[in-house]
Amino acid sequence: MAKYIFMNEKKNVDKGISRTKRYLIWLLIVLIVVDLIDSYSTNYITAVSSSVVTEFLVRPYGLPPTTAEAIFSLCSGLATLGMYVVFFNQYLADKFGRKKLLAFITFGMGFASLLLFFSFDIISFTIFLFIMYIFFSSDAWIIYANEESSDEKRALWTNVILAAALLGPVFMAVFRPIFVTNAPIIEAWRGMTLLPIILGLSFTVVILFTVKETSKYEEISEAGTADKRNSIFMKQNVKAVLNSPRKTEVKIIIIMSIFNGLNYGFTILTELFLKNHSTLTESQINTTIYIIAGSVAIGYIFTGVLCDKIGRKSMLYAHSIILPVGVILSVIGALTNSFLIVALGAALGYAGFWGLNVVIRLVIIEIVPTDQRGTAGGLRALSWAIGATIGLLIGSLLIYTTDPGISFIILSLPVILNIILGSRYLKETKGVNLSEI
């Protein structure tokens, strides 16, 4: 089978699909923009949560901050049900191809952001956020990166894309003072939706007219499996993944994804928590968001390099420790009104959360065949979404009865079990040849 060198011409093209260096560079740019839209859409709700709570809960109903936070957490939890559709989206990548899914989810993020722009109360906001969750956190771009990369550089290029796409959270931090902190009216938070609206809708067209199907997907088509692919049914593919020779590892990854998803509430409620439960100034909160973006970018680069050097399992263990440590430090910093501890904790917590998510996404793709890869990624996304829903609903109850910080800490602890599960059940996937799975 041909060897892939991402951002370089494919060597030994006798049995493979040829890609030029120019095209691969262009593909890299497109994938960075798509993940930038994803990372921005994933995070800008964090930056506007206090404004949304004020406009839709505090101002019209006069609710106290803790009650409003609990309701917002509940609404966010209900909205995460939209993530369950991501599983179906991923299945479509196996049935109809990677390109169509990539265009579909890019359009969806732009369209959902447009709907959020026009939200008028907490119910419409929740419904439109539900629609947003249908599209973001898809593995479409990561499948592209993996299937067009060399075996020894998959993690590196995946994390290069992730790190470059961290411009999304950087833009979020830049726009927050404009549309939230220094805005003349509380409704100005809607300006935060403009970036994904513009990029999402325009790059849908770009993908449709300039991006090709992945080489590996074209290879299985040319090998005579096209008819089989078109007859793929979701139930059959799910059954094939769950009963594959590495079914135990698939199930362990699903459990780990649930554990990681439990912490999604921490990522979207941090700004609201710091604003209502600490004496940090708006300037310090904005600085914290900048630090978070930088730490996640650096974390992605180190994760990519180290995943290829020392392996996926080692990085999985590292992030499973970094995440709860960061959460605990963030809560301690807020309670003691220490900006330095908050900044350190938030940086570690976010880097651990997103880094762990990336390692899990890499591993699930590296243990299943090409024609099941989208479905397996969908199962991972579904399990992560289930964890996010459970975490936000439990968090809503804990916030109402105790304190947001306590809920963050409790929900972060299960990821420590990843160390035991990984060491006992997972095999190292570093350098595996995807074509041979």
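If you use this note's numbering, the sequence shown corresponds to residues 1 to 437, in order.
Even for Gly, the Cβ is constructed at its ideal location relative to N, Cα and C.
**Q.** residue 342 versus residue 255: straight-line alpha-carbon distance, rounded
**A.** 29 Å
Q: Decide if residue 64 is buried, meaning its Cβ has at least 16 other Cβ atoms within 10 Å, or exposed.
A: exposed
Q: Assign residue 213 to one of three DSSP states: helix, strand, or coil.
A: coil
(Q) Quick check: the segment 104-113 against the segment 202-209, are at least 3 beta-carbon pairs closer than 8 Å? (A) yes
Q.
Taking the beta carbon of residue 31 as the centre, do at least 16 other beta carbons fall within 10 Å, making it buried, or is it exposed?
A. buried
Q.
Can you list, in chain order, the residues of its chain with a C-beta nearer than 7 Å to that of residue 253? Leave out the 5 residues immediately preceding and following it.
A. 360, 363, 364, 380
Q: With distances taken Cα to Cα, identify the nearest neighbour of residue 77 among 406, 263, 251.
A: 263
(Q) Quick check on the DSSP output: the alpha helix (DSSP H) that includes residue 104 runs from which residue to which? (A) 98-117
(Q) Give me, in chain order, the residues of the same chain whose beta-carbon lies closer than 8 Å to that of residue 259; leave out the 5 immediate sequence neighbours on both sides. (A) 387, 414, 415, 417, 418
Q: Would you tell me roughly how many angstroms separate the C-alpha atoms of residue 340 and residue 333, rounded to the nearest one?
A: 7 Å
Q | Residue from 110, 211, 125 with nearest C-alpha to residue 20 | A | 211
(Q) Going by beta-carbon coordinates alone, are residue 57 and residue 71 separated by less than 8 Å? (A) yes
Q. Leaving out the 5 sequence neighbours to the left and right, which residues in its chain are closer than 6 Å to residue 306 when beta-carbon positions are compared?
A. 315
Q) So residue 26 is in the alpha helix (DSSP H); what residue range does that whole segment cover? A) 21-53
Q) Cα-Cα, which of 261, 251, 399, 322 is closest to residue 390? A) 261
Q. Using a Cβ-Cβ cut-off of 6 Å (strictly less than) and excluding sequence neighbours within five positions of residue 434, which residues of its own chain qualify?
A. none
Q. Would you report the Cα separation of residue 86 and residue 395, rounded to the nearest angstrom?
A. 23 Å
Q: Go ahead and label residue 313 buried or exposed: buried means 16 or more other beta carbons lie within 10 angstroms of its beta carbon, across all protein chains shown.
A: buried
Q. When the Cα of residue 197 is compared with those of 352, 236, 37, which residue comes out closest?
A. 37
Q) Is DSSP giving residue 158 helix, strand or coil here? A) helix
Q.
Measuring only the C-alpha atoms, how far is residue 98 from residue 35?
A. 15 Å
Q: Taking the CB atoms as reference points, tell me whether residue 186 and residue 51 lie closer together than 8 Å.
A: yes
Q. Are residue 400 and residue 67 closer than 8 Å when you measure CB to CB?
A. yes
Q. Buried or exposed: residue 248, going by 16 or more other Cβ atoms within 10 Å of its Cβ?
A. exposed
Q) Is it the case that the Cβ atoms of residue 429 and residue 217 are separated by a distance below 8 Å? A) no
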